[in-house]
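Novice: Going by the UniProt record's numbering, the first residue of the sequence shown is number 1, and it counts up by one from there. To start, I am sharing the structure in question, which I have written as structure tokens.
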Amino acid sequence: MPSITRLSPADHRRVPWKNGGGVTTELAVEPIDGPPDGQGEGGQGRFLWRVSIADVVEPGPFSAFSGYDRLIAVVEGDGMRLSVDGAPPVERRRMEPAFAFPGEAPVWCEPTAGPIRDVNLMLDRASATGNLTLLAGGSHWAAGRAAGDALLVHALAGTLTVTPDGGEALPVPEGHSLLLRAAAALVDVPAGAEGVCAEVWRRRS
């Protein structure tokens with residue numbers, strides 16, 4: 001059944017990084033049934049997917065998440081340089097397309113010119129796949145969801161408008177999110193606003 005959930009900053013949860021190097025703000029997370037196995041941050045167990053925002057103020061390693069796929073993008077600051085498992089460094093600037101890498105790979109992150117803020121989508125590799133899209137002002141974006149799939153729309157700046165298929169337009173103020181399950185939607189990003197959309201598709205046997 002389609003469902004829509006509003007999420008405000010009061011619903012966010014700040015949790016320490018697994019490696020102790022900082023703090024992550026969880027925008028939304030969907031646990032996997034079963035006892036905790038230590039894979040999550042802040043003492044939680046494994047999750048199907050998670051969308052979070054983190055501040056990186058100095059160079060350092062990323063926490064390891066075995067069995068997860070990760071997508072990351074810079075939403076504040078100049079940019080960052082990522083060295084993944086010995087490969088040549090990759091740079092990502094603010095609002096550039098997300099970079100994907102395996103969660104278990106050793107990663108060294110270095111801000112290119114001062115502190116940054118990034119958004120992360122993490123997906124349990126065995127159970128889900130997904131995409132992370134940054135939306136600049138003056139854009140429109142449409143997505144359709146099937147049963148078991150999820151779409152999270154988060155307003156980075158200004159107010160976005162999300163119109164579910166067959167429903168009324170819903171405002172998403174800055175710092176707030178809208179979580180849609182099994183529902184198609186159109187996202188309008190007015191001039192001067194910015195947003196991020198995380199799509200999650202369950203793997204089906």
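For every residue, glycine included, the Cβ atom is placed at its ideal position computed from N, Cα and C.
Can you tell me which of the three DSSP states residue 206 falls into?
Specialist: There is simply no residue 206 to check, as the chain begins at 1 and stops at 205 in what is shown.
Novice: In the DSSP assignment, the beta strand (DSSP E) including M122 goes from what residue to what residue?
Specialist: I116 to D124
Novice: So, under 8 Å CB-CB, M80 and I116 are touching, yes? Tell me the CB distance rounded to an integer number of Å.
Specialist: Under the criterion of beta carbons closer than 8 Å, M80 and I116 qualify as touching, at roughly 5 Å.
Novice: Can you tell me which of T133, G166, G137 and G138 puts its alpha carbon nearest to the alpha carbon of V153?
Specialist: T133
Novice: How would you write the range of the beta strand (DSSP E) that E26 sits in, first residue to last?
Specialist: V23 to P31
Novice: Quick check: T112 and D149, are their CB atoms within less than 8 Å of each other?
Specialist: Not in contact: T112 and D149 (Cβ atoms no closer than 8 Å).
Novice: Measuring only the C-alpha atoms, how far is G138 from V200?
Specialist: 24 Å
Novice: For W17, name the three-state secondary structure that DSSP assigns.
Specialist: coil
Novice: Taking S83 as the reference, give the member of T163, V107 and A184 with the closest Cα.
Specialist: V107
Novice: Assuming A142 is part of the beta strand (DSSP E), what are its boundary residues?
Specialist: A142 -> beta strand (DSSP E) spans S139 to A143.
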